[in-house]
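Below: the structure, in structure tokens.
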Amino acid sequence: MLFLRTAEDNFMARPFQLPPLPYADNALAPVISAQTIATHYGKHHKTYVETLNKLVAGTEFEGQALEAVIRGTASKTDQTSLFNNAAQTWNHTFYWKCMKAGGGGKPPRAFAERIDGAFGGFDKFRAEWINTAIEQFGSGWAWLVADGDSLAIARTGNAAVPFTMGLTPLLTIDVWEHAYYLDYQNRRTDYVRAVIDKLINWDFAASNFEHAAADHNFVPVMSA
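Going by numbering that gives the first Met the number 0, the sequence shown opens with residue 0, and the numbers climb by one from there.
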């Protein structure tokens with residue numbers, strides 16, 4: 000369920016909310032444990048939202064949709080903290096939607112054909128995404144994105160978001176240590192492979208790509 004802010008909501012400058020998870024906190028186990036979800040979602044994600052509300056209050060960005068706050072602060076060096084917390088709020092909400100219980104496997108046929116065309120086959124795509132995720136130095140994200148009519152793999156450090164770079168996010172894997180350390184310790188590769196093979200929500204990705212193909216300015220709305 001997406002939480003959209005209406006014009007009336009914007010006028011009232013309601014604070015951003017932590018959206019509910021799209022599944023139970025134990026739904027992704029054993030790939031991602033309920034303990035990790037409790038810490039990652041219940042503490043890290045929650046803190047980003049709370050800090051965002053504190054930082055946005057009284058600024059020119061108060062009352063704007065989350066995506067607008069991110070775009071408006073991305074290049075402002077005096078708004079780095081606001082950008083980081085807004086972007087991390089968006090990134091995490093998007094990340095939760097990229098997974099589902101019983102996910103993984105292969106994409107829907109039409110989307111699978113686009114992946115085959117862009118990467119030379121699903122196995123090559125999978126290998127590139129895994130390598131991109133494990134080679135990200137330090138904290139960050141590994142993305143499947145739409146670049147115009149094409150598909151590409153991208154990585155961003157810290158809180159950076161592809162849509163501020165002209166790319167449309169379709170899927171992501173969080174490679175901040177708090178996303179996997181309780182379950183995998185330093186075995187990032189095992190975490191990344193397990194998420195791709197067992198949890199990825201290909202229907203979500205295919206839907207995002209369908210919208211992106213129709214509108215190259217499309218951004219999945221994660222406003223809370």
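Where a beta carbon is used, it is the ideal one built from N, C-alpha and C, also for glycine.
None of the values given here were measured: they were computed from a predicted structure.
Within the same chain, and ignoring the five residues on either side of residue 113 in sequence, the residues whose Cβ sits closer than 8 Å to its Cβ are 150 and 208. If you draw a 10 Å sphere on the C-beta of residue 157, you find fewer than 16 other C-beta atoms in it, and that means exposed. Taking each of 47, 30, 103 and 116 in turn and checking the Cα distance to residue 18, the smallest one comes out for 47. The alpha-carbon of residue 143 is positioned some 9 Å away from that of residue 167.
Rounded to whole angstroms, the Cβ separation of residue 97 and residue 200 is 6 Å, and the two are in contact under 8 Å.
Looking at the backbone, the Cα of residue 203 and that of residue 41 are separated by about 23 Å. Residue environment for residue 221: buried (at least 16 other C-beta atoms within 10 angstroms of its C-beta). Shortest Cα-Cα distance from residue 85 to any of 49, 95, 217 and 181 involves 49. The C-beta separation of residue 152 from residue 192 comes to about 15 Å, leaving the pair out of contact by the 8 Å criterion. As summarised for the stretch 173 to 197, the continuous alpha helix (DSSP H) elements at least 4 residues long and confined to that stretch are 180 to 183 and 187 to 197, given in chain order. When the beta-carbon positions are compared, residue 82 and residue 72 come within less than 7 Å of each other. Excluding residues up to 5 positions away in sequence, 89, 162, 218, 220, 221 and 222 lie with their Cβ nearer than 8 Å to the Cβ of residue 66 in the same chain. In the DSSP assignment, residue 153 is bridged to 142. Between residue 174 and residue 126, the gap from beta carbon to beta carbon reaches 7 Å or more.
For residue 87, same chain residues with a beta-carbon under 7 Å away, outside a window of 5 residues either side, are 47 and 158 in chain order. Residue burial annotation: residue 14 is exposed, with fewer than 16 other C-beta atoms found within 10 angstroms of its C-beta.
Listed in chain order, the non-local C-beta contacts of residue 33 below 6 Å within the same chain comprise 24 and 25, local neighbours out to five positions each way being set aside. Excluding sequence positions up to five before and after residue 179, its CB lies within less than 6 Å of the CB of 190, all in the same chain and listed in chain order. For residue 123, there are no CB contacts under 8 Å within the same chain when 5 residues up- and downstream are skipped. CA-to-CA, the gap between residue 176 and residue 138 works out to about 7 Å. Per DSSP, the continuous alpha helix (DSSP H) segment holding residue 203 begins and ends at 201 to 213.
A residue is called buried once 16 or more other Cβ atoms fall within 10 Å of its Cβ, and residue 147, having fewer, is exposed.
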